[in-house]
Amino acid sequence: MLHSMHLIKLFSYLVLSLFILVGCSDDDDNGNNASQEANTKPLGTSANDLLSAVNFNSVSIEIVSIQGFEPTTTAINGLRNFLQQRLFKPDGITIIQRTVASSGEAPFSIEEIRAIENDNRTIFNEEGDIAVYVYFADGSNEKDTDEQVTLGTAYLNTSVVIYEETLRKFSNRPGAPLLSTIETATLNHEFAHLLGLVNISTPLQSEHEATDTEGEGNNHCNVAGCLMEAAIEFGSGMMGIGNEVPELDSQCIADLRANGGR
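Under this note's numbering, think of the first position of the sequence shown as -1, with each following residue one higher.
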């Protein structure tokens, strides 16, 4: 009888322990899902969070590259300098780099790029720290043509893809800028889209948004030589910049400052 009582107590203890473990696991899963949802919102949603220190005092950038398609050190330093000039992050900017195997899916649709992010992204928003994911792909955008190629795309509030294979082919053209210059310009341009430029979620302080053939705003700047010209994103403006990375013009900077940036 005593032996049976011990077995009953042991069984009850195991059931209670299992319940506690399952309960903790569910809590963790819910927390992770909530964190991931914060990083899968529409482009521009996190502009103020990236620019200001109101909700986040630091930013962590996870750069995931296909092996053999890593960005140059010059480009990474250029991105860091660009962000230090424009963001209020008193606890700093952290850039983490790692490589992964090729997905073998090039050329890419944005849906495929998002699926790759789901498989590879490991850093999400945490208390006081906002996270950004940048993927250096070993292929091109599926919509590229002989006349126009896409160098990079900011496609969610904290997500960017850089088509590194396209950048390398572009840099091999006669008279093209150095690869590091093209990488830096593309990284800075796409990150500026995350910051809400131009007229994505960071309000215009003056009328400087370019328009498309139908007269609609195209979320790029109409000031010649500005980093946010559409020609930068699509490569057609790179041939004339030499090895000087374009900078934001005064109107784009005014927009960022009005939304919490420097």
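Where a beta carbon is used, it is the ideal one built from N, C-alpha and C, also for glycine.
Can you tell me whether residue i is helix, strand or coil according to DSSP?
| i | result |
| --- | --- |
| Phe80 | helix |
| Ile128 | strand |
| Ile94 | strand |
| Ile198 | coil |
| Ala135 | coil |
| Glu205 | coil |
| Ser248 | helix |
| Asn28 | Caution is warranted here: a pLDDT of 44 is assigned to Asn28, below 50, making its placement in the model unreliable, and no coordinate value can be reported. |
| Arg260 | coil |
| Val20 | Unreliable placement is indicated for Val20, whose pLDDT of 35 sits below 50; no coordinate value is reported for it. |
| Tyr11 | Only weak support exists for where Tyr11 lies, its pLDDT of 41 falling under 50; the value from the coordinates is given anyway. The answer is helix: DSSP assigns Tyr11 an H, G or I state. |
| Arg255 | helix |
| Thr72 | helix |
| Asn37 | coil |
| Ile114 | helix |
| Leu193 | coil |
According to DSSP, which residues form a beta bridge with residue i?
| i | result |
| --- | --- |
| Ser178 | Ser178 is not bridged to any residue. |
| Ile61 | Gln95, Val132 |
| Glu50 | Reading off the sequence, residue 50 comes out as Ser, not Glu. BP columns for Ser50 are empty, so no partner. |
| Phe106 | Asn139 |
| Ser56 | Asp127 |
Does the separation of the CB atoms of residue i and residue j fall below 7 Å?
| i | j | result |
| --- | --- | --- |
| Ala129 | Ser56 | no |
| Val243 | Thr164 | no |
| Ala45 | Asn257 | yes |
| Gly259 | Gly42 | no |
| Asn139 | Tyr161 | yes |
| Phe134 | Phe67 | yes |
| Gly137 | Phe86 | no |
| Gly235 | Glu227 | yes |
| Phe39 | Asn118 | First, the residue type needs correcting, since residue 39 is Lys and not Phe in the sequence shown. No, Cβ-Cβ distance for Lys39 and Asn118 is not below 7 Å. |
| Gln249 | Ser199 | no |
| Thr97 | Ser63 | yes |
| Asn197 | Glu181 | no |
| Gly238 | Val147 | no |
| Cys224 | Asp210 | no |
I think residue i touches residue j, with their Cβ atoms under 8 Å apart; what is that distance to the nearest whole Å?
| i | j | result |
| --- | --- | --- |
| Gly213 | His187 | About 23 Å separates the two Cβ atoms, so there is no contact after all. |
| Tyr131 | Ser100 | Going by Cβ atoms, the distance from Tyr131 to Ser100 rounds to 18 Å, so no, they are not a contact pair. |
| Glu60 | Ile114 | No, Glu60 and Ile114 are not in contact; Cβ-Cβ is about 13 Å, not under 8 Å. |
| Leu185 | Asp253 | At roughly 19 Å, the Cβ-Cβ gap does not stay under 8 Å, so Leu185 and Asp253 are not in contact. |
| Ile230 | Ala183 | 6 Å |
| Gly240 | Pro175 | 6 Å |
| Phe189 | Leu49 | In fact, because the Cβ distance is near 11 Å, the residues do not count as touching under 8 Å. |
| Asn123 | Asn37 | 6 Å |
| Gly126 | Phe54 | 6 Å |
| Leu177 | Thr70 | 6 Å |
| Val159 | Ile111 | 5 Å |
Whole beta strand (DSSP E) runs in the segment 209 to 238 with 3 or more residues, listed along the chain?
215 to 219
For the segment 139 to 189, which segments carrying the beta strand (DSSP E) assignment without a break, of at least 3 residues, lie completely within its bounds, in sequence order?
150 to 154, 157 to 160
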